[in-house]
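Numbering-wise (this note's numbering), the sequence shown opens with residue 702 and increments by one. Just so you know, even glycine gets a beta-carbon here, dropped at the ideal spot from N, CA and C.
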Amino acid sequence: MIKIAIDAGHGLNTPGKRAPSGEREWTFNNKVALAAISRLNTFQNVQLLRLDDPTGAVDVLLKTRTDRANAWNADVLVSIHHNAYLGAWGPHGGVETYTLPGASQNSQDMAALVHPLVVKTMGLRDRGKKMLNLHMLRESKMPAILVEGGFMDSTTDIKVLLDNQKLKEQGEAIAEGLAIFYKFKLQEGGSSDRKVYKYGDIGPAIGTLQKDLNKLGNKLVVDNSFGPAVLAAVKAFQKENGLAVDGYVGPLTQAKVEEAVNNGQKKINVQKKQVCKRI
702 MIKIAIDAGH GLNTPGKRAP SGEREWTFNN KVALAAISRL NTFQNVQLLR
752 LDDPTGAVDV LLKTRTDRAN AWNADVLVSI HHNAYLGAWG PHGGVETYTL
802 PGASQNSQDM AALVHPLVVK TMGLRDRGKK MLNLHMLRES KMPAILVEGG
852 FMDSTTDIKV LLDNQKLKEQ GEAIAEGLAI FYKFKLQEGG SSDRKVYKYG
902 DIGPAIGTLQ KDLNKLGNKL VVDNSFGPAV LAAVKAFQKE NGLAVDGYVG
952 PLTQAKVEEA VNNGQKKINV QKKQVCKRI
């Protein structure tokens, strides 16, 4: 069992922690945290503890947060934040991921997995993996990382931060990084060994997926790469078929695609038989 402590930084009314236009940092942090928690809950042998006040009403003391994580014997702590430069609009921006100077190898390895996924998901400048003596990293007894998912006072970043889908995807990217590190397996009733395919994946299985989606009316280039066009086609398919619209091609989506392809093939065969009878 892997115990993961999730921390949405600050609180709803923490002074100064907001964009120049008034959006609260905790609101951004919370949306990312909820998405990370939701995704992590799909894996086997995972326990979660949230360290901040999930309502945002109270800015829980940093010491209280790390004390809770330590007392719970968490295996990893992830603190979620969004940055600010001077509190005034500017051209700066980007994603940073922090570990403590002299951090454990596990902390560094997790940062190395999570950081590029968040950068890719957000589509913002890569400011790199950095080390800083921050309380959440210093006082936690387990491997810990702190993610800064963009600048609230950036004229570029704020447009992305106001996109709830992007915040959801950021949370899922954090969860994905942890899943890769710990080699988590999806629950899915515990009966399926199918792999979950996602944006950025490459390989023959993606080519097969592209061909199947093309049989359902898409016009994808079959290049074995899960790019933006495949992601859009997957989400459209999920929406049309009452599935969770998350862009992940897991066992449920795979089964539904197979069913749709088979049904389409049956329709074609029926039409051919009808034509033959007429002839």
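For Ser808, the enclosing alpha helix (DSSP H) starts and ends at Gln806 to Met823.
Out of Val958, Thr743 and Ile738, the CA that lies nearest to the CA of Val935 is found in Val958. Boundaries of the alpha helix (DSSP H) harbouring Val931: Pro929 to Glu941, taken from the DSSP string. Annotation: Val761 is outside any alpha helix (DSSP H) and is labelled neither H nor E by DSSP.
Glu849 counts as buried, since at least 16 other C-beta atoms from the protein chains shown sit within 10 angstroms of its C-beta.
With 16 or more other Cβ atoms from the protein chains shown falling within 10 Å of its own Cβ, Gly794 counts as buried.
When the beta-carbon positions are compared, Leu910 and Ala736 stay at least 8 Å from each other.
Note that the stretch 873-888 touches the stretch 804-817; at least 3 beta-carbon pairs, one per stretch, sit closer than 8 Å. Secondary structure note for Lys704: its beta strand (DSSP E) is the uninterrupted segment Ile703 to Ala709. Residue state for Val922 is assigned as coil, using DSSP reduced to three classes.
In the displayed model, Val962 falls within a helix according to three-state DSSP. As the crow flies, the alpha-carbon of Gly943 is around 42 Å from that of Gly788. Pro844 places its beta carbon less than 8 Å from that of Ser808.
For Val779, the enclosing beta strand (DSSP E) covers residues Val777 to Asn784. Excluding the 5 residues flanking it on each side, Trp773 has same chain C-beta neighbours closer than 6 Å at Leu750, in chain order. A straight-line Cα-Cα distance of about 11 Å links Asn742 and Lys886.
As a beta-bridge residue in DSSP terms, Gln748 pairs with Lys704.
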